[in-house]
Structure formats: C-alpha cells, structure tokens
Amino acid sequence: MTGLFHSWVSAPAIKIFLLIALFCDPAKATSPTVPEELSEGVVRFALATGDITAALPLQDRLKGDSADYLRGRLLLESGNVQQGLDTLVQVAQGRYHRGEAALMVARHYGAEGDADESRNWYQVAAKNGFGETRQKARFALAELQRHAGRLDAAGKTLAGMDEGYWTAVGYLNLATDFARTDLNPSRALVSLRVALAMCETDTNRERSKELKSRLLVRAGQLAYAHEDYDKAIGFLKKVSLDSYRTPQALYLHGLALSEQGNYRAAMQSWHRAKKYPLAYPGVEDAWLGMGRGYDLAGYLGQAGEAFLAASAAYEGERATLRELEKRIREAGAYKSLVDDARNADLEWFLADSRTLTQPRLAYLLGLIENPVTQRAVARVAELEEMIASLEQQERDLTVFMAALGNKPSSDTQGRSKQLSADQDALTNAVAALSGPNISPAQKRHIRELRDALNASGSVLERLSNVGGGNNQRQPRKRQAERLRKQTQSLLVEVRAVRDEAGKALDRLALEFIEQEDQRMAFALDKTEQQIAHLYEYLALKKLDGGKP
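Per mature numbering (1 follows the signal peptide of the UniProt record, and there is no 0), the sequence shown runs over residues -29 to -1, 1 to 519.
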C-alpha cells in the first residue's frame, strides 16, 4: 500500500493536499505531518532556530505545563507583541516557567528602552528562575548597574552568581571599566583572573575557548600597558592558535619580548602574525614590527627590506578594500560579504591568500564585531528567508490552482477508492493485533502503525475532496486565488523592507571599509616614515664614515 501511495502522490501533490487542509482547518492541517505528542518539541525547535512559520499552526494544539509559555513566545516573535506580552506576564505570575517568562518580558522592555520596568522583571527572573535563566537575569542586572556607574554594586551581583559563562562575561566587562577608571591595574587584573576561572567551568567548550582567548588578550594588553612584561607574556602565550584573537596576541607577545630586549623571539612572533590577513587586528602592526625588530637588532639592510615589504602589503590591502567597496556598491553588502562567505568558490579578494577562507572570514568577522552591524545583518537574513518562504508559497498556490482546474480522470478516482479500501483493511488488521499478551515494545510499534495509518487516512480524505465536484472545487480555487494575491502583495512589501534594510547594511559596511582603509593608510604612513628615518640614518652614517 505504501509503495502504491508514494508512486501516485508526488511531492508537489502532497504540498497541494496540505494547502487544502490549511484552507479548511489549521489544526487539522498539521496533524498528518506532526503527531500531537511532538507538537511541543516542534515548537521549541522552531523558537530555538528562529524559523517559527511552520510552528504557528501548532500553538492551539499545545498542552501541558509549558503550553502558555510557548504560546506567548510564539505570539511575541510572530508580531502579536501585546498579546504575547500579556500571555507571558500571566505565565510569570503562575506556577510554571515563571523565570523564563519574566526574562522574556524583561528583554522586551529593555529593547523598548524602559530600564526601570526591565530591571523589575529581571529581578523577578533572578528570583524565580533556575540554572541558565537565573544566570542570564543576574548578568543583565549587573550590566544595568555597570552602565549606571555602580561598579561595586555590579561586582556584588556577579559575586552572588554561580560559576559559568555569564559570570565570566560579567567580570570581563567589569574589568574593562576598572581599566578605564583606575590608575592601578590591580582590580582589572583580579577581575580578569576571576573571569578566567569562571570560564573554565563552562560546559560549552567552543564558547569557553573563544571567551578565554578574549580574556587572555585583554589581560596581556593590560599587563603590557603597565610595563609588567613577564605577566603579559604569561597571559599571551596561552591564547589558542586558531582563535580570532590569535594575530593580536602574537603581536602583543612580540612587543612584550622586544621590551625585554629579546628581539629574535619577538620577530618570530611577528612573523607568525604576518601569515594572517591584514583584516585581523594586530597583523598590520606585526608587519611594521618586523622592520623595527631588524632595526633594533642592528640589521639595517633587512630592516629596509621589511619596511618596503610592509609598505607593499598595505598598498595591496588598500587596493583590495577599494575593490570590495566597489562590489558592495554594485551588489550590496549582504551579497558581497555574507553570501560570498557561504560559497566555496574562489573570489577575487582571495586570490593571494594561502588558505583561501581566512581573508573572507576576517572581513566578515571584522564587520559583525559591531553589535549594530550584527543586528543589521540578522535583519537582512530574516527578510531574505521571508522572501524565499513567500515565493515558495506563491509557487505552491499556483500549482494548487492548476490542480483544481484539472478534472480528475475516472481511473484516478478508481485508484483513490482502492487506496481507501486498502487503508480500511490495514486499519482493521492493526486493530486485530492488539491483545493482552503483547509486550510493551510491541504495543509501541502498534501505536506507531496506528498513527501512521491515521495520517495517511487524513491525506486520502483530502485527496478525495480534491476530486469532488465543482461545488467544492470552485470555492477553494477562489480562496487560493485570494491567498495568492495576498502573498504577492506581501512579497512587494517585504521586498521593499528588504531593500531598505539592505541599504542600511550597505552604509554600515561602507563605513567599515572606510575605517579599514584609514587604518591601512595610517600604517602606510608610519612605514614610510620609518623608511625615511632609516635612509636618513644611513646617509648620515655614510657621511660620518667619509670624514677624515
């Protein structure tokens, strides 16, 4: 029966049947594809991935202790803000998911700029939440205190948190404020050491590894700035070699070694940093550092060659940035950076790369390091997905209308009746299998068979409806036409919003490119100054050597 069914009903046809079901009853539309016991899991997955479209019809089927909480989140994220907010407030005042609901409400008010209301709800989440929810709420409270200049209060809040990632991030932010306000680095370094200890307890190893690299580089910078070179070297040599922070750590490591007079080891660190793209922090300084290292070591010829190589590298990078700017103006920042980063093909700005992927990744990481740009990229990505979904819906509706316009043949109707008869026979056979002497595993298999038969029966019922008379087909065709027009109208609106979001991202990307170009121009200017000083020194030395 299964083979015959799949040979007759193609994938596009199944989409048509589901569309029919959607027209009739959204709750029934999902039943053939999502068993009721899986509805909660599907909704949770949709909320976790951000793709909630397929989960929206399931919100009325949610049952159990988590139903209202999940329904409130779906409403909030689908644009029904007030209804979703009211639902989450009720959940926060109930028995289950109080902390999670309060955290969602607090974030909403925080995004709206209502700091007082946000703080109140974060306090509720910290009081009623457990585990990660409580940690996030307390971290948010510490951040509010820190932004208000109450650093001691923020420290006390962090001290009351459990070990883990959010505590480590809180201490990192606190250390940044201490470093800015204190003349003595002690409090900042203590905060960073605490953050490192907290980071080690994070169970998410990739997240912990990246945060640890950030902490070590920040601690190394701080120690170097206060001339504690041994401590700086101790921090920096622990930075992972496959981190975004690696080139910066290598440059600072070499800088600390050079301050101790160990120019050979310093140049080894700078030489390793040079292998990374110039878009990464610290790489342009490493190129310049090579020339300075040779100069300080007394190898003036090699110093001149190193400075000239750095100058050529900076000029090449500026040319690359000009080409990237041109591409952004022609194709947009999203296509030029985000989409291109997903492709495996060789792009123009990867031609001189040893590893091909690093420059592209460096530009993208540099761009989205700014939280404002992160949100702009995410917004364009969401609109792109929405456009793709609406275009697919328009195509499905077109196919559905074409199917309604074709009168089913008598052969098709006969096969439909035969399939229905097979369905009834299988249902009776499965019912006969039940008995008192079957094992739990057999009961589970029988239940799965029964669910599968119910699902196929629902599809067959909708299939028979497609073959009905014009009194059934014409209203559905008119409804499909209305839906298609609505979809086309939505497509026009979403594309307009996508264009505006794309232009906003383009402006941010072009500002980033301009900043990168200025950084390269400044590095080029420093290199030319070093070359001029070196030539001047060599000329004076030659004159001194020519005196009697």
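Glycine included, each C-beta is placed from N, C-alpha and C at the ideal position.
Here the structure is a predicted model, which is why all the values come from computation and not from measurement.
When Cβ pairs closer than 8 Å are counted between the two stretches, the region 156 to 168 is seen to touch the region 188 to 207, the count reaching three or more. In the three-state reduction of the DSSP assignment, F371 falls in the helix class. For I204, the enclosing alpha helix (DSSP H) has its first and last residue at Y200 to L207. Looking from the CA of L212, the closest CA among R42, R293 and S240 belongs to S240. Under the three-state reduction of DSSP, P342 is assigned to helix.
In the three-state scheme derived from DSSP, where H, G and I count as helix and E and B as strand, I358 is classed as helix.
Taking the Cα positions, E499 is about 54 Å away from T104. Assignment of V254 by DSSP, reduced to helix, strand and coil, places it in the helix class. Of the other Cβ atoms in all chains shown, fewer than 16 fall within 10 Å of the Cβ of Q445; this residue is therefore exposed. Going by beta carbons, A244 and M261 fall outside the 7 Å limit.
For A113 and G141, the gap between their C-alpha atoms comes out near 7 Å. Cβ-Cβ distances below 8 Å link N341 to L479 and F483 in the same chain, with the five nearest sequence neighbours on each side left out; the list follows chain order.
Selection V463, A274, L514 and E355 evaluated against V309 yields E355 as nearest (Cα-Cα). Assigned with DSSP and collapsed to three states, E134 falls in coil, not helix or strand.
By the neighbour-count criterion, in which a residue is buried when 16 or more other Cβ atoms sit within 10 angstroms of its Cβ, A146 is buried. Judged by their CB atoms, A190 and F206 are nearer to each other than the 7 Å cut-off. Exposure of S460 is indicated by the presence of fewer than 16 other C-beta atoms within 10 angstroms of its C-beta. Sorting L182, N233, R69 and Y334 by C-alpha distance to the C-alpha of Y247 places Y334 at the top. Between A86 and A72, the C-beta gap is not smaller than 7 Å, which leaves the two residues out of contact. The continuous alpha helix (DSSP H) containing P218 extends over residues T217 to E230. With contacts defined by Cβ atoms closer than 7 Å, A472 and R350 form a contacting pair.
Of the candidates E288, S214 and Q219, Q219 places its Cα closest to the Cα of I204. The alpha carbon of A284 has as its nearest neighbour, out of H504, L509 and M491, the alpha carbon of M491. A352 and I299 have their C-alpha atoms roughly 16 Å apart. K497 and A97 have their alpha carbons spaced roughly 51 Å apart.
Residue environment for Y136: buried (at least 16 other C-beta atoms within 10 angstroms of its C-beta). Taking 8 Å as the upper bound for CB-CB distance, I358 and V465 are in contact here, some 6 Å apart. Bounds of any alpha helix (DSSP H) do not take in G35, whose DSSP letter is neither H nor E. Remark: C-beta atoms of L186 and L143 approach each other more closely than 7 Å. Boundaries of the alpha helix (DSSP H) around I299: L271 to A302.
Between Y67 and Y40 a beta carbon distance of about 7 Å is seen, short of the 8 Å cut, so the two are scored as contacting. Fewer than three beta-carbon pairs drawn from the region 46 to 61 and the region 31 to 38 are found closer than 8 Å, and the two stretches are therefore not classed as touching. Linking S179 to E294 through their CA atoms gives a straight-line distance of about 36 Å.
For H68, there is no enclosing alpha helix (DSSP H), since its DSSP letter is neither H nor E.
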